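Residue numbers (my numbering): -11 to 296.
Below is one structure; the comments refer to it alone.
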């Protein structure tokens, strides 16, 4: 539902037996081991907008130096607020985020037939997402604010970045752009803002992403998160992750693949360049531009797990 933005906190139940990269095991595996390992929402609490940022500030004030971070997750097409909340919780735990994790849930239809409506809704959410991120940067006392934008969520993030350039003193830590459902040509223009706003920006792309393949067909133009062609923007690291095969649509790899989770965790902790991260091989596209290819353990050593 469109309208005013609402704010609050969420309390989760996250079983220790839950496999990394999942919201819980498939039902037949839960029956086999006679255990419910799904992430579930136990409680929600409404807050006034200003109270949310004060709440985050209070939590971060008690964290040790170097661990006062905020991770913001912006979901893609066909996601309910409940699903977005649980995905944010999963990312917080699997990435071992030192600090606070937040999410912005723009109004999705959460239906396969809602693609056009979702596209309109995500564009209409620009002013709300802009204000949300501005206040995260300005009012929480965070040492770093990281952003993960997935799929259609990249559309609003790209436009918000243009507005944030108007105040260049604001700066993110990592900006992670996964499976970006954005016109590739428009992205190359809009994305030039990201390096000016972040320590590092990483674009993850795949040629097996079936959701983006469908979007390519619908729009009749390439998507930034799909290849070929490989989208490369100066001062942004493009990483091809075609070798990752974790779901039927191969679209949710950023949250579902342990290799991806390890790569993102490394970025949020120490900001290593691609050549300093295990399992990434330098490659060039048809225009001679440099990008990186993530290799599976069969081709290269696995990426190290996140360290506390």
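Even glycine gets a Cβ: it sits at the ideal position worked out from N, Cα and C.
Here the structure is a predicted model, which is why all the values come from computation and not from measurement.
Per DSSP, residue i is paired with what?
| i | result |
| --- | --- |
| residue -1 | 31 |
| residue 132 | 57 |
| residue 92 | 62 |
| residue 137 | 62, 165 |
| residue 270 | 280 |
| residue 189 | 163 |
| residue 194 | 214 |
| residue 25 | Beta-bridge pairing links residue 25 to no other residue. |
| residue 126 | DSSP, once it has assigned bridges, lists no residue as partnering residue 126. |
| residue 171 | 211 |
Measure the alpha-carbon distance for residue i versus residue j and round it to whole angstroms.
| i | j | result |
| --- | --- | --- |
| residue 268 | residue 91 | 29 Å |
| residue -8 | residue 224 | 34 Å |
| residue 19 | residue 27 | Interpretation of residue 19 is limited by its pLDDT of 49, a score under 50 that renders its predicted location unreliable; the figure taken from the coordinates is listed afterwards. One C-alpha to the other measures close to 16 Å. |
| residue 24 | residue 218 | 41 Å |
| residue 112 | residue 281 | 35 Å |
| residue 97 | residue 29 | 20 Å |
| residue 11 | residue 150 | 33 Å |
| residue 122 | residue 115 | 10 Å |
| residue 56 | residue 131 | 5 Å |
| residue 82 | residue 46 | 23 Å |
| residue 184 | residue 148 | 13 Å |
| residue 187 | residue -1 | 31 Å |
| residue 266 | residue 256 | 15 Å |
| residue 93 | residue 171 | 22 Å |
| residue 260 | residue 254 | 7 Å |
| residue 216 | residue 181 | 23 Å |
| residue 3 | residue 274 | 46 Å |
| residue 5 | residue 108 | 39 Å |
| residue 37 | residue 139 | 26 Å |
| residue 59 | residue 85 | 7 Å |
| residue 197 | residue 207 | 15 Å |
| residue 69 | residue 258 | 31 Å |
| residue 240 | residue 263 | 24 Å |
| residue 31 | residue 236 | 31 Å |
| residue 246 | residue 120 | 29 Å |
| residue 1 | residue 52 | 25 Å |
| residue 277 | residue 221 | 9 Å |
| residue 163 | residue 95 | 22 Å |
| residue 179 | residue 285 | 31 Å |
Is the separation between the beta-carbon of residue i and that of residue j shorter than 8 Å?
| i | j | result |
| --- | --- | --- |
| residue 87 | residue 48 | yes |
| residue 169 | residue 211 | yes |
| residue 66 | residue 106 | yes |
| residue 145 | residue 135 | yes |
| residue 161 | residue 193 | no |
| residue 110 | residue 143 | yes |
| residue -4 | residue 34 | yes |
| residue 165 | residue 158 | no |
| residue 271 | residue 228 | yes |
| residue 191 | residue 230 | no |
| residue 62 | residue 141 | yes |
| residue 76 | residue 89 | yes |
| residue 78 | residue 243 | yes |
The ligand NAD and residue i: does any heavy atom of the ligand fall closer than 7 Å to the residue's C-beta?
| i | result |
| --- | --- |
| residue 149 | No copy of the ligand NAD appears in this structure; indeed no ligand is present at all. |
Any chance the region 165 to 184 sits against the region 96 to 105, with 3 or more Cβ pairs inside 8 Å?
no
Count Cβ pairs between the region 120 to 133 and the region 35 to 55 that sit closer than 8 Å; are there 3 or more?
yes
Length at least 4, wholly inside the region 211 to 268: the alpha helix (DSSP H) runs in chain order
241 to 244, 246 to 258
Give a yes or no on contact between the region 244 to 259 and the region 197 to 212, applying the rule of three or more CB pairs nearer than 8 Å.
no
Pick out the complete beta strand (DSSP E) segments inside the region 71 to 115, 3 residues or longer, and give them in chain order.
87 to 92
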